[in-house]
Amino acid sequence: MNLLEVKNLHTHFHTDRGLVPALNGVSFSIKKGEVLGIVGESGCGKSVTSLSILQLLGNKGKIEKGSIQFKGQELTTFTKKQMRKVRGDEISMIFQEPLTSLNPLIRVGKQIAETILLHRENYSKNQAKEHAIKMMKMVGIPQAEEKYSQYPHQLSGGMRQRIMIAIALACNPDLLIADEPTTALDVTIQEQILGLMKKIAHETGTSIIFITHDLGVVAEMVDRVIVMYSGQVVEENDVVSFFEAPKHPYSQGLINSTPAIDQGQKLEAIRGNVPAPANKPNGCPFHPRCPMASDICKTTVPKNTYFGKQEMVNCWLYDKEAKTS
Amino acid sequence: MSKIVEETAKEAFGKVTDEPILEVKNLKTYFPISSGKWFNKETKYLKAVDEVSFYVNQGETLGIVGESGCGKSTTGNSIIRLVEPTAGEVWFKGENIATMKSREFKPFKKNIQMIFQDPFSSLNPRMHVFDIIAEPLRTNKMYQGKDLEQRVYELMDTVGLDPDLANRFPHQFSGGQRQRIGIARAIAVKPELIICDEPVSALDVSIQAQILNLLNRLQRDLGLTYIFIAHGIPAVKYVSDRIAVMYMGEIVEMADKDALFKATLHPYTRKLISAVPSTDPKKRTIGEEQAIADELNQGESDVVGCKFADRCPLARAHCREVRPDLRQLRSGHFVKCHYPLEQEALEENV
Ligand SMILES: Nc1ncnc2c1ncn2[C@@H]1O[C@H](COP(=O)(O)OP(=O)(O)OP(=O)(O)O)[C@@H](O)[C@H]1O
Ligand SMILES: Nc1ncnc2c1ncn2[C@@H]1O[C@H](COP(=O)(O)OP(=O)(O)O)[C@@H](O)[C@H]1O
Ligand code: SF4
Ligand code: SF4
Ligand SMILES: [Mg+2]
Ligand SMILES: [Mg+2]
């Protein structure tokens, strides 16, 4: 059974300047112990997808349609109180910038202990502190007892990200959502954090959704990839086929525009920019940037074409090759 | 015993270069930081740039890589004197521009332009794109009236911006387009050298590729020389002819791009390169054993010996006592290390 199953998710923001249809029918699933990568340029809807799962959309954002099944329960019907219980306990999240997501006025160790106390009512303060220090050691923080009583600004970026991971894992969640967890870090620190996340996935069996636009990180970390464009999933593939034979022209564009350390190919940029959700073009949303676009692409939205259970592409080029749904 | 040429960088410069347009020698830029109690105040210095020497040949791209805080931007800023260097020489086309008076420096300033990381904050939000690009032309009294207009439109076209958008404000453009505005402004006064400080780091990969290809085309068409500062190693490898690796205010290795990757000499360079994930999922290199913390120890730059010794797997007692010099081990390949990797291989084979 899938741990998480997202089906036909539509999330909109109702802003003063009008409606922003950020997600338009996103579907994907993740199994227990699996690492799923979500890739796509800025503004494609990666973060809104994860914020929708956690229902952290603020008062302007709303899930208009669709279903989010987590361990067989429908999260979209959960009350605020029920969601608070899920967050941090069963599903937790790590963000890109650890300095802005940690409270600058509270000692880092205490921030971990507070999360534990929030979800484990039977713990005493001392037990929570002990557990927090244990977590700090697990994420590789040297002199954990000493660091427990330091403030976020006293730690380096890499150490702050380790604290965030310790908070996220404190209650042994089933699902960890990591949104660009290493983008703000140097490669040498990134290497350590990625190594740490591999260790965690291996030791705890936690499923991970890894959101990143760095394809090197994707190749290194994930089992399966979904590619998002303009609030939709345009390709779903296992990681090896994604790099060796990407199907969607957008996936091909992303790979061809990524400089690689181990090859000297010429970079081919994708022309143009991601459209704003309110100015989404007719037909296939990628058509103004697509080198393969034909007339039908400009007028009619392509259907999903499936190859087996876990391989999908949303593009007219594949319409006749396999059965559509 | 192989015949390893051992020369310090100082002696070697001038012999190996094709034709350097810029030579930086023993550049130091220190920032005062006060410490101690108010009644016992002592001024300490943060050695942001500490003994940096390198050269850039006419028409090439020199990449500078290194971890955050290692002094890359301060090096670039010291060359164009956005910050005043504490000591050292910067030779540009035969003149030492590091020590000349600001009035003498003015014509050189025009000849060396800069492109910054953040296209969002480096452009004046209240100015039309037209005026942003025209500003350096007006300041340098290069074009007037109809000619000025013509030149601005031509520049917009050159960098791939629609001249019809000249009357818009920066916030009406995407990140990639804003970087194009920054580039148009930088090339407006026909400089010979452009220092690009993290020009694509804030952009998505697909847009990064657009900008990198634009920079390459402009280099070819206009005969530009670039210093390309970035922490993204694959992007630096893509655009550079030669690469200098910085660590805690020092250049620790400098070589042709291929030599740097294929015949790495400095242990730090090896560490840096091996940390970059490959885009081949069948060649995964990061293991769980790499989860261990090991961080750049900032502020403690007062060490006597090699600054990398605390993180270096090859460090010996001698490394902690004596700071290595930047020396040329092979033609054009410089390294600041007592026991460089190739030598290690040679010794193992004895
Ligand atoms: N609070 C909000 N109000 C209005 N629009 C929003 C809000 N949050 C996100 N959006 C819009 O929804 C779209 C998707 O945003 P999202 O942040 O998910 O993109 P992303 O792919 O994660 O981008 P990035 O890589 O920059 O984080 C964007 O067009 C964004 O402007
Ligand atoms: N104006 C300044 N005053 C004090 N310290 C500075 C100043 N500018 C830079 N530094 C410090 O100098 C070091 C090198 O900075 P910088 O060159 O900006 O690094 P980077 O390689 O990230 O570009 C850092 O420790 C930085 O904090
Ligand atoms: S449907 Fe058409 S425009 Fe869209 S990706 Fe496929 S070929 Fe390109
Ligand atoms: S001098 Fe010694 S410590 Fe420094 S990099 Fe070379 S081997 Fe390592
Ligand atoms: Mg995001
Ligand atoms: Mg910088």
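From first to last, the protein sequence lines stand for chains A and B. Just so we're aligned, residue 20 is where the first sequence starts under my numbering, counting upward by one. Just so we're aligned, residue 1168 is where the second sequence starts under my numbering, counting upward by one. Beta carbons are placed, not taken as given, at the ideal position from N, Cα and C, and that holds for glycine. Small disclaimer: the values here were computed from a predicted structure and weren't measured.
> Within the present structure, is the beta-carbon of A/Lys-266 separated from the nearest heavy atom of ligand 6 by less than 7 Å?
Replying inline: no
> List, in order along the chain, the chain A residues whose C-beta lies closer than 7 Å to that of B/Pro-1480?
Replying inline: Under the 7 Å cutoff, chain A gives no residues; its nearest Cβ is about 13 Å from B/Pro-1480.
>> On the DSSP letters alone, give me the boundaries of the alpha helix (DSSP H) that B/Val-1372 sits inside.
In response: 1372-1389
> Name the chain A residues whose beta carbon is nearer than 7 Å to that of B/Gln-1457?
Replying inline: Glu-210, Gln-211 and Gly-214
>> Contact criterion: CB-CB distance below 8 Å. Does B/Val-1419 meet it with respect to chain A?
In response: no
> Mind listing, in chain order, the residues whose beta carbon lies closer than 5 Å to a non-hydrogen atom of ligand 4?
Replying inline: B/Pro-1434, B/Cys-1473, B/Phe-1475, B/Ala-1476, B/Cys-1479, B/Leu-1481, B/Ala-1482, B/Cys-1486, B/Pro-1491, B/Cys-1504, B/His-1505 and B/Tyr-1506
> Where A/Gly-177 and A/Ser-313 are concerned, what is the direct C-alpha to C-alpha distance, given to the nearest angstrom?
Replying inline: 47 Å
>> If we define contact as Cβ-Cβ less than 8 Å, is A/Asn-21 a contact residue for chain B?
In response: no
>> Let's test the definition: count the other Cβ atoms within 10 Å of the Cβ of A/Gly-159 and tell me whether it reaches 16, buried, or not, exposed.
In response: buried
>> Taking a contact to mean a Cβ-Cβ separation below 8 Å, would you say A/Glu-250 touches A/Pro-296 in this structure?
In response: The question names Glu, but residue 250 of chain A is Gly in the sequence shown. Closer than 8 Å, so yes.
> Going straight from the alpha carbon of A/Gln-291 to that of B/Arg-1487, what length do you get?
Replying inline: Here residue 291 of chain A is Gly; the residue named in the question, Gln, does not match the sequence. A/Gly-291 and B/Arg-1487: Cα-Cα distance of roughly 53 Å.
> Name the chain A residues that come within less than 7 Å of B/Leu-1328, Cβ to Cβ?
Replying inline: Here the premise fails: no neighbours, minimum Cβ distance about 13 Å.
> With a cut-off of 8 Å, do at least 3 Cβ pairs link the stretch 1226-1233 of chain B to the stretch 1406-1424 of chain B?
Replying inline: yes
> Can B/Asp-1364 be considered in contact with ligand 6, in the sense that its beta carbon sits closer than 7 Å to one or more heavy atoms?
Replying inline: yes
> Where DSSP assigns a beta bridge to A/Phe-89, which residues make up the other side?
Replying inline: A/Leu-23 and A/Gln-92
> Is it buried or exposed for B/Gly-1399, if we count other Cβ within 10 angstroms and need 16 for buried?
Replying inline: buried
> Going straight from the alpha carbon of B/Thr-1266 to that of B/Ile-1362, what length do you get?
Replying inline: 19 Å
>> For a contact defined as C-beta to C-beta under 7 Å, what are the partners of B/Glu-1234 on chain A?
In response: Asp-205 and Thr-207
>> Give me, in chain order, the residues of the same chain whose beta-carbon lies closer than 7 Å to that of B/Val-1443; leave out the 5 immediate sequence neighbours on both sides.
In response: Ile-1400 and Pro-1401
> When the Cα atoms are used, what is the spatial distance from A/Leu-194 to B/Glu-1417?
Replying inline: 43 Å
> How about the stretch 206-222 of chain A and the stretch 1431-1447 of chain B: do they share at least three Cβ pairs that are nearer than 8 Å?
Replying inline: yes
>> Please classify B/Ile-1246 as buried or exposed, where buried requires at least 16 other C-beta atoms within 10 Å of its C-beta.
In response: buried
> Where do the ends of the beta strand (DSSP E) carrying B/Phe-1283 lie?
Replying inline: Run containing B/Phe-1283: none; DSSP gives neither H nor E here.
> What separation, rounded to the nearest whole angstrom, lies between the Cα atoms of B/Asp-1324 and B/Ala-1301?
Replying inline: 14 Å
> A/Phe-114 by DSSP, collapsed to three states: which one?
Replying inline: coil
> Would you say B/Ser-1220 and B/Val-1191 are within 8 Å of each other, going by their C-beta atoms?
Replying inline: yes
> Which of helix, strand or coil does DSSP assign to A/Glu-216?
Replying inline: The question names Glu, but residue 216 of chain A in the sequence shown is Met. Note: A/Met-216 maps to helix in three-state DSSP.
>> Run through the DSSP bridge pairs and tell me what B/Asp-1423 is partnered with.
In response: B/Arg-1409
>> Under 8 Å, Cβ to Cβ, is there at least one residue of chain B near A/Gly-177?
In response: yes
> Quick one: what's A/Asn-256 bridged to in DSSP?
Replying inline: A/Val-244
> Along the stretch 248-265 of chain A, what residues have a CB closer than 7 Å to any CB found in chain B?
Replying inline: Val-258, Val-259 and Phe-262
> Start and end of the alpha helix (DSSP H) containing B/Asn-1244?
Replying inline: 1239-1246
>> For A/Pro-161, would you say it is in contact with chain B, using Cβ-to-Cβ distances shorter than 8 Å as the test?
In response: yes
>> I need the straight-line Cα distance from B/Phe-1336 to A/Lys-218, nearest angstrom please.
In response: 48 Å
> How would you list, in chain order, the residues of chain B whose beta-carbon sits under 8 Å from the beta-carbon of A/Thr-277?
Replying inline: Val-1372, Ala-1376, Pro-1401 and Thr-1446
> What is the rounded straight-line gap between the Cα of A/Leu-336 and the Cα of A/Gly-224?
Replying inline: 38 Å
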